[in-house]
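Engineer:
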Amino acid sequence: MNLFRLSWKYLTFRPPSTGLNVILLALGLAIITVLLLVQDQFENKMTKDAEGIDLVVGAKGSPLQLILSGVYHIDFPTGNIPLEEAKKLSRSRLIKNIIPLALGDNYKGYRIVGTNHDYLGLFEAQFDQGKVWEQPYEVVVGATVALREGLKVGDTFESSHGISVGSHDHEHDYQVTGILAPSGNVIDRLVLTSIETVWYTHEEESESEDEKDHAQLHQEVSKTGFPEGDEAKEVTSLLIQYRSPMAAVQLPRMINSGTSMQAASPTFEMARLFELLGIGVSLLQGLAFVLIGISGLGIFIALYNSLKERKYDLAILRAIGASRGQLVFLIFLEGIMLTSIGALVGILLGHSFLAVIISQNEQGVAASLDAWIFLKGELWILVYALGVGILASLIPAWSAYQTSIAKQLTKS
Amino acid sequence: MLISTENIQYSHPGQAPLSFPDIHLKANEALLVLGKSGSGKTTLLNILGGLLKPHSGSVSIDGVALSSLEGSNLDLFRGKNIGIVFQKPHLLAPLTVEENLQMAHYFSKKKGQEINRLLDELGIGEKSKSRVQNLSEGEAQRVSIARALVNSPKLILADEPTSSLDDENTFKVLNLLQTQAKKIGAALIIVTHDQRVKDHIPQFIEVKGA
């Protein structure tokens, strides 16, 4: 027997109401865990995905929407822009690099992105198998897509129109030429191909099969810059790298006022988004702290009440040789054990919540989160819990320290 | 002398001071402390056990003056050398019988007697793994006696150990206390107002109260 075991015995001997307080504490801590995990991973991911992209240009509309669709592939695109205008812009001396994107189709909810080989370079993508696309209808799939849909090099599939599941199917088959290694970036969830592929897919709608120029399907696609196309051709958005800091001042103004397109900066828009989300996060944090406070009070009351019943026990312990210090330690130990259990359950609950959210949201952004990453910040949760345990035990421990053995034992 | 006291006085707040007759007892001897209820018998027992500090006078056990010990040293001394049987058993409810006795070993930092053998001797050997709530009153009383004995103390103090027992059980408990005290060579002091006890232990002092 020792104090830990004695404390544990008393803990398991308690009424179920104590369990309720521990659950309350666990819930509060679970909310904080989820917030910590989501905040950390989101911000990390968001910055990682936008790395190397100084400006996004697309059709006029909401700048945030343009960033979300162009960089993170979450929201719907604002529309398309004429190829001609995009090409004109690319000749600006303020621009170091420009990557066009053409959206419009999906494969089982994973977006098919028409672009050039520079896009792979932007994310420093590595191939797990196969090689990059060279002809129309050849695609490279991200690691998550390949894993979830079981795609291998050489497989073919049909796409659906629109950028979310459930729209009508296109007829031409895509062929997988490469599979990317997992990178933790947005490209894990994408199907990448040439802009020509996206164009031809949509031309099929209007032209009949016979009229189509079969020769063009076997031409090499453009690997960098813009593909050749007539006046009617469009792209969805452009990812731009500045040549000099000067561009940050001049280029957005030039695009927004001088063209039919709009320019948005990922850094600026994401900062705005986090500011908006911040209100919700603080609200949840507040709720979590209220829960923790209430559970702390509940644990205090439980300890205090059980102490009243246990003054005899404490006096007996003194009579058989326990010191005041040992009794105080015993009470603290009990409070701390209770809240530590709460903390461990809370952290586990938080991670499980997140795992459930992720499994419910396979194609969305949440899917790229990892529920079983443990952060240093979670140690703070343990510290909070210990703090609550110590606070809740202070008064009961003091009263245990003050208990007079003789008085307690002669009271009947 | 194993235990000797001199001119002990104690006053409860708002009451006239109590003074107690001196006690001189050797190892292996037994002494009754008799007195009406309210006369301060239990107060004397608490003073002898170091649970209460007398206002004047001194208690020394095995050559150690209790007044010279403070705080945890006094607690440890009590745990090692004094076994107390209270009026009510006061066992720790979350623990089993055996664990209750182990606590006494733990706090006194003493190996003491072998628990299962002791329980066997007290006739409750088969209860060692039972929960305290499942014991009868008589069994619980014997467990509390075992707890007082388990560290082989030099002094055993018993507070009204027989007040709620019938004649037969009174005799058994007294017998048990006396034989066990002899076995470990301890001095035994029983505080009681129970006249039946007088027939078994001849040596006594009387507390007259204020």
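If you're matching them up, the sequences are chains A and B in order.
Going by my numbering, the first residue of the first sequence is number -13, and it counts up by one from there.
Going by my numbering, the first residue of the second sequence is number 44, and it counts up by one from there.
C-beta atoms are modelled at their ideal positions from N, C-alpha and C, and glycine is treated no differently.
Small disclaimer: the values here were computed from a predicted structure and weren't measured.
1) Between B/N71 and chain A, is the shortest Cβ-Cβ distance under 8 Å, so that the two count as touching?
2) For A/E197 and A/T183, what's the separation of their Cα atoms in angstroms?
3) Interface residues of chain A around B/A189 at Cβ under 7 Å?
4) Find the nearest neighbour of B/P245 within the set B/E49, B/H55, B/N50 and B/L77, judged by alpha-carbon distance.
5) Using a C-beta to C-beta distance shorter than 9 Å, which residues of chain B count as neighbours of A/F318?
6) Kindly list the residues whose CB is nearer than 6 Å to the CB of B/L264, restricted to its own chain and excluding five residues on each side of it in sequence; keep chain order.
7) Can you tell me where the alpha helix (DSSP H) holding B/T37 begins and where it ends?
8) In three-state DSSP terms, what is A/H147?
9) So, is B/N89 buried or exposed, given that buried needs 16 or more other C-beta atoms within 10 angstroms?
10) In terms of residue numbering, what span does the alpha helix (DSSP H) encompassing A/T19 cover?
11) Assuming the contact rule is C-beta atoms closer than 8 Å, A/V369 and A/L11 should be a hit. Round their C-beta distance to whole Å, please.
12) Quick one: what does DSSP say A/P231 is sitting in, helix, strand or coil?
13) Just how far apart, CA to CA, sit A/E195 and A/S78?
14) Just to confirm my understanding: we take B/S173, look at its own chain, exclude 5 residues before and 5 after, and list those with CB closer than 8 Å. What are they?
15) Per the DSSP calculation, A/G244 is bridged to which residue(s)?
16) Rounded to whole angstroms, what's the CA-CA distance from A/A88 to A/V177? Just pull it up for me.
17) Give a yes or no on whether 8 Å exceeds the smallest Cβ distance from A/T19 to chain B.
18) CA-CA distance, A/Q400 and A/I241?
19) Residues bridged to B/Q52 by DSSP?
20) I'd like to know whether the C-beta of A/K297 is nearer than 8 Å to at least one C-beta of chain B.
21) Give the residues of chain A in contact with B/T85, contact being defined as C-beta atoms less than 7 Å apart.
22) The beta strand (DSSP E) spanning A/K82 covers which residue range?
23) Could one say the Cβ of A/G321 lies closer than 8 Å to chain B's Cβ atoms, at least one of them?
24) Compare the beta carbon distance of A/R229 and A/L80 with 8 Å and say whether it is the shorter of the two.
25) Locate the beta strand (DSSP E) running through A/G116, then write down its first and last residues.
26) Which value, in whole angstroms, describes the spacing of the CA atoms of A/L6 and B/S207?
27) Look at B/L217 and B/H243 and say whether their C-beta atoms are less than 8 Å apart.
28) Contact criterion: CB-CB distance below 8 Å. Does A/F(-1) meet it with respect to chain B?
29) With a cut-off of 8 Å, do at least 3 Cβ pairs link the stretch 33 to 46 of chain A to the stretch 56 to 72 of chain A?
30) Could you tell me the alpha carbon to alpha carbon distance between A/L(-3) and B/Q238, rounded to whole angstroms?
31) At which residues does the beta strand (DSSP E) containing B/L231 begin and terminate?
32) Out of B/H55, B/E164 and B/I188, which has the shortest C-alpha to C-alpha gap to B/Y134?
33) Whose CA, out of B/N143, B/S115 and B/I51, lies closest to the CA of B/K96?
34) Measuring CB atoms only, is the stretch 115 to 124 of chain A touching the stretch 67 to 76 of chain A, in the sense that at least three cross pairs come out at less than 8 Å?
35) Where does A/R77 fall in DSSP's three states?
Structural biologist: According to the structure data:
1) For the purposes of this step, residue 71 of chain B is identified with residue 28 of the second sequence, where counting begins at 1. For B/N71, the answer is no, since every Cβ of chain A falls outside 8 Å of its Cβ.
2) The residue labelled residue 197 of chain A in the question sits at position 211 within the first sequence. The residue labelled residue 183 of chain A in the question sits at position 197 within the first sequence. Here A/E197 scores only 48 on pLDDT, less than 50, and its place in the model should not be relied on; the value that follows carries that caveat. So the alpha carbons of these two residues sit roughly 17 Å apart.
3) Position 146 of the second sequence holds residue 189 of chain B. Under the 7 Å cutoff, chain A gives no residues; its nearest Cβ is about 12 Å from B/A189.
4) Taking the second sequence and counting its residues from 1, the one referred to as residue 245 of chain B is at position 202. Measuring from the Cα of B/P245, the nearest candidate turns out to be B/L77.
5) Along the first sequence, one-based indexing puts residue 318 of chain A at 332. None at all; the shortest Cβ gap to chain B is about 17 Å.
6) A question about residue 264 of chain B goes unanswered here, because the residues of chain B that appear run from 44 up to 253.
7) No statement about residue 37 of chain B is possible, as the shown extent of chain B runs from 44 to 253 and does not include it.
8) Here residue 147 of chain A refers to the residue found at position 161 of the first sequence. Strand at A/H147.
9) What you label residue 89 of chain B is simply residue 46 of the second sequence in a count that begins at 1. Result: buried.
10) Within the first sequence, residue 19 of chain A is the residue found at index 33, counting from 1. Following the DSSP letters along the chain, one finds A/T19 inside the alpha helix (DSSP H) bounded by residues P2 to D35.
11) Here residue 369 of chain A corresponds to residue number 383 of the first sequence, with the count starting at 1. Here residue 11 of chain A corresponds to residue number 25 of the first sequence, with the count starting at 1. Approximately 14 Å separates the beta-carbon atoms of A/V369 and A/L11; this is outside 8 Å, ruling out the contact.
12) Residue numbering aside, residue 231 of chain A sits at position 245 when the first sequence is read from its first letter. In the structure shown, A/P231 falls within a helical segment according to DSSP collapsed to helix, strand and coil.
13) Within the first sequence, numbered from 1, the residue matching residue 195 of chain A stands at position 209. Within the first sequence, numbered from 1, the residue matching residue 78 of chain A stands at position 92. With a pLDDT of 47 at A/E195, under the threshold of 50, the predicted position of this residue should be treated as unreliable, though the coordinate-derived value follows. Straight-line spacing of the CA atoms in A/E195 and A/S78 works out to 39 Å.
14) If you number the second sequence from 1, residue 173 of chain B lands on position 130. Same-chain partners within the cutoff: T139 and V140.
15) Within the first sequence, the letter at position 258 stands for residue 244 of chain A. Paired residues: none, contrary to the question.
16) For the purposes of this step, residue 88 of chain A is taken as the residue at position 102 of the first sequence. For the purposes of this step, residue 177 of chain A is taken as the residue at position 191 of the first sequence. Take the alpha-carbon of A/A88 and the one of A/V177: they are about 12 Å apart.
17) Within the first sequence, the letter at position 33 stands for residue 19 of chain A. No, its Cβ sits nowhere closer than 8 Å to a Cβ of chain B.
18) This structure gives no information on residue 400 of chain A, because the portion of chain A shown stretches from -13 to 398.
19) The residue you call residue 52 of chain B lines up with position 9 of the second sequence. B/S62 and B/S99, per the DSSP bridge assignment.
20) One-based indexing of the first sequence puts residue 297 of chain A at position 311. For A/K297, the nearest beta carbon of chain B is not closer than 8 Å to its own beta carbon.
21) Here residue 85 of chain B refers to the residue found at position 42 of the second sequence. B/T85 reaches chain A at T396, counting residues in chain order whose Cβ is nearer than 7 Å.
22) Taking the first residue of the first sequence as 1, we reach residue 82 of chain A at position 96. In the DSSP annotation of this structure, the continuous segment of the beta strand (DSSP E) that includes A/K82 starts and ends at I81 to Y93.
23) Along the first sequence, read from residue 1 onward, the residue named residue 321 of chain A stands at position 335. Chain B places no beta carbon closer than 8 Å to that of A/G321, leaving this residue out of the contacts.
24) Along the first sequence, read from residue 1 onward, the residue named residue 229 of chain A stands at position 243. Along the first sequence, read from residue 1 onward, the residue named residue 80 of chain A stands at position 94. Between A/R229 and A/L80, the C-beta spacing is below 8 Å.
25) Taking the first sequence and counting its residues from 1, one reaches residue 116 of chain A at position 130. Where A/G116 is concerned, the enclosing beta strand (DSSP E) stretches over F113 to G116.
26) Reading the first sequence from its first residue, position 20 is the one you call residue 6 of chain A. Reading the second sequence from its first residue, position 164 is the one you call residue 207 of chain B. Roughly 40 Å between the two C-alpha positions.
27) Against the second sequence, residue 217 of chain B aligns to sequence position 174. Against the second sequence, residue 243 of chain B aligns to sequence position 200. Result yes, Cβ atoms of B/L217 and B/H243 sit closer than 8 Å.
28) Residue mapping note: residue -1 of chain A aligns to position 13 of the first sequence, counting from 1. By the rule that beta-carbons nearer than 8 Å mark a contact, A/F(-1) touches chain B.
29) Short answer: they touch.
30) Working through the first sequence from its first residue, we reach residue -3 of chain A at position 11. Working through the second sequence from its first residue, we reach residue 238 of chain B at position 195. Approximately 43 Å between the Cα atoms of the pair.
31) Counting from 1 along the second sequence, the entry for residue 231 of chain B is found at position 188. B/L231 -> beta strand (DSSP E) spans A230 to T235.
32) Position 91 of the second sequence, counted from the first residue, corresponds to residue 134 of chain B. Going by the sequence as given, residue 134 of chain B is Leu instead of Tyr. Comparing C-alpha distances from B/L134 to each of B/H55, B/E164 and B/I188 shows the shortest one belongs to B/I188.
33) Locating residue 96 of chain B in the second sequence gives position 53, counting from the first residue. Here the closest residue by C-alpha is B/I51.
34) By the Cβ rule, the stretch 115 to 124 of chain A does not count as touching the stretch 67 to 76 of chain A, because fewer than three pairs are nearer than 8 Å.
35) What you label residue 77 of chain A is simply residue 91 of the first sequence in a count that begins at 1. In the three-state DSSP reduction, A/R77 falls in the coil class, being neither helix nor strand.
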